[in-house]
Amino acid sequence: MTQTRCEPPYRLALCPRAEADRAAELPGDVRARFSARELAELEALPPRRRRDRIAGRLAAKRALAAHAEAEWGWRPRDEELEIANDGEGRPFLRARLGDPPAPSFSISHCPAGAAAAAACGGRRVGLDAEVVVARPAEVLAFVCARGEAEGARADPEAQARLWTGKEAALKLLGLGLSADARAVRVEGGRARYDGEPGRAWRALGAPEVRVDFTREQDAMLAVAYTEMT
Ligand SMILES: CC(C)(COP(=O)(O)OP(=O)(O)OC[C@H]1O[C@@H](n2cnc3c(N)ncnc32)[C@H](O)[C@@H]1OP(=O)(O)O)[C@@H](O)C(=O)NCCC(=O)NCCS
């Protein structure tokens, strides 16, 4: 499995499970990739949360460094790519890296590892990764409108596409726990929003949002991204 894919409209990077497990102990070469402030925040987390956050950060630094190299012609050091979360949990880059604004980026972790995407060309991006497993109907009912999960009932991969597509599309809007996933439909590779997510989408100028799905070993990855305006 390659760790970075440099293809616009976004750059996708992974931190596979084996790397995530090793990195969780923060060995010297991994520590060196974080700023002092990032390390202090990581060390304050409980072990499971710390492992996930480190894996997500490593994937994001990989995607952002590949973006900088391809778009700006220089590669920042990983510790310069200092990532934090705002009050709603959204990840952002703490330092300004130069004139061009930092790209929109998104992080997800799951038991298979972590993934991150950095958007090209001023787009917005949202990413979700989930292990492909059979989900009980009541779990799907929590995120699906009536009848929406019918076709996916006996198909764990279709269930994973339903789930990750909605979550990636919500993350693109910067919406978190309060958002109603039933108000997002992904059909034919495009996301459609109603209700509160619809209002957030219209506030962004109602951009076209596309959703790509990729299978990475045990995991389904969904990447939502805006079309160029
Ligand atoms: C915030 C949320 C999107 C995170 O999803 P998750 O599956 O628990 O976790 P993931 O590993 O996929 O994503 C976590 C990352 O999302 C990012 N994130 C958190 N809040 C976010 C927000 N409001 N907008 C965009 N990204 C956000 C963070 O980078 C976080 O990782 P970090 O804390 O290590 O930096 C999710 O918990 C949520 O609130 N979803 C609302 C919609 C819903 O009900 N979805 C159910 C399935 S459709």
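Counting along the sequence shown from 1, when you hit position 179 you're at 177 in our numbering, and nothing is skipped either side.
Positions of the beta carbon are idealized from the N, C-alpha and C atoms, including for glycine.
Computed from a predicted structure; not experimentally measured.
Simplified DSSP assignment, three categories, for residue i
i	result
PRO229	Missing from the structure shown is residue 229; the chain here goes from -1 to 227 and no further.
LEU91	strand
ALA82	strand
ARG121	coil
ARG151	coil
ARG208	strand
ALA66	helix
PRO101	coil
Residues that DSSP places opposite residue i in a beta bridge
i	result
ALA217	VAL129 and GLU214
CYS13	ALA112
GLU185	ARG188
HIS107	ALA112
ALA222	GLY124 and VAL209
Closer than 8 Å to chain D by CB, residue i
i	result
GLY163	Protein chains in the displayed structure number just one, and chain D is not present.
Integer-rounded CB distance, given that residue j should sit under 8 Å from residue i
i	j	result
ARG31	LEU56	7 Å
Contact between the stretch 72 to 84 and the stretch 117 to 130: three or more CB pairs below 8 Å?
no
Check whether the stretch 81 to 95 touches the stretch 190 to 210, taking contact to mean three or more Cβ pairs, one atom from each stretch, closer than 8 Å.
no
Are at least three pairs of beta-carbons, each pair with one atom in the stretch 202 to 213 and one in the stretch 180 to 193, less than 8 Å apart?
yes
So, does the stretch 137 to 155 touch the stretch 36 to 44, judging by three or more C-beta pairs under 8 Å?
In this structure the stretch 137 to 155 does not lie against the stretch 36 to 44, because fewer than three pairs of beta carbons, one per stretch, are closer than 8 Å.
Is the number of C-beta pairs between the stretch 105 to 114 and the stretch 4 to 15 that are closer than 8 Å three or more?
yes
Are the stretch 141 to 152 and the stretch 170 to 181 touching, with three or more C-beta to C-beta distances below 8 Å?
Touching, yes.
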